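Working notes, structure below.
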Ligand code: HPA
């Protein structure tokens, strides 16, 4: 389906009226990172199902609320619960969250996700600041009729993960109690975890972490000219790297273990943005 500019404006009008302020930063919280939203002061909580022309969360570990308020002195709108292609959404539907941020007036986006570590130097619990991405399955979310109100038909993505924001993020890591890396996020559609052969191929191609989200949101931000900062929480080593089975429980468990430190770190980054 081709969506119109007005289609997206309808969601924004509803949210704008409910939240009652202009946000500076839009944040997408990934698997098991939802509790970050508990730090939002004076929150206005808007369930996704109330928002006209918006999507619905179908994953039980993803809450499904827009949480608007102040955190680390910044006015933010947080998506507690995100949308994935494996839920059955088309890639073009996945433009909706970042386009909503843009229409609300956000000047930057922060994306977070849980990912499998492909780089042999990574460990579960580490954080990767994403500096590039690869997506070889699925279509661009910007496929179809271009909406020039958001951005041009053809657009540059060499600095889609904004260098200045990456630098800022890496300057805040001291005393975080976390180990940081920079690297390339490789998108796989899921919902199955990858095969060991796929992971070997991803490593040869240059992927450092693998996951099932984020790339459509980053591309949507690049299209509408919004600076983007993104983090992967490495919740497990990718398929074939260790003997253990991969599971959603393991992903959520490691996510929970770092959640507090990562939230405190993210607040320091937000303060400086
Ligand atoms: N693969 C894909 N997505 C993921 C993984 C993984 O190993 N871990 C967390 N999200």
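Residue numbers (the working numbering): 1 to 273.
For each residue, glycine too, the CB sits at the ideal point set by N, CA and C.
Bear in mind that the values here come from a model prediction, so they are computed numbers and not experimental data.
Give me the Cβ distance between residue i and residue j, rounded to the nearest whole Å; I'm assuming they're in contact under 8 Å.
i, j, result
"residue 111", "residue 11", "That pair is no contact at about 19 Å."
"residue 193", "residue 246", "4 Å"
"residue 95", "residue 216", "7 Å"
"residue 263", "residue 84", "With a Cβ gap of about 22 Å, residue 263 and residue 84 do not count as contacting."
"residue 45", "residue 97", "Wrong, their Cβ atoms sit about 16 Å apart, outside the cutoff."
"residue 218", "residue 234", "The pair is not a contact, with the Cβ atoms about 18 Å apart (cut-off 8 Å)."
For the alpha helix (DSSP H) that residue i lies in, which residues bound it at each end?
i, result
"residue 94", "Unbroken run through residue 94: none, as it is neither H nor E."
"residue 167", "163–170"
Going by other Cβ atoms of all chains shown within 10 Å of its Cβ, with 16 needed for buried, is residue i buried or exposed?
i, result
"residue 117", "buried"
"residue 2", "exposed"
"residue 137", "exposed"
"residue 199", "buried"
"residue 191", "exposed"
"residue 147", "buried"
"residue 55", "buried"
"residue 71", "buried"
Counting along the chain, where does the beta strand (DSSP E) carrying residue i start and finish?
i, result
"residue 80", "74–80"
"residue 134", "127–135"
"residue 15", "Run containing residue 15: none in the beta strand (DSSP E); it sits in the alpha helix (DSSP H), 5–19."
Per the DSSP calculation, residue i is bridged to which residue(s)?
i, result
"residue 47", "65"
"residue 182", "129"
"residue 113", "232"
"residue 108", "25"
"residue 41", "70"
"residue 187", "135 and 211"
Task: Contained beta strand (DSSP E) runs [length at least 3] in the region 194–248, N- to C-terminal order - done: Listed in chain order, they are 209–211 and 228–237.
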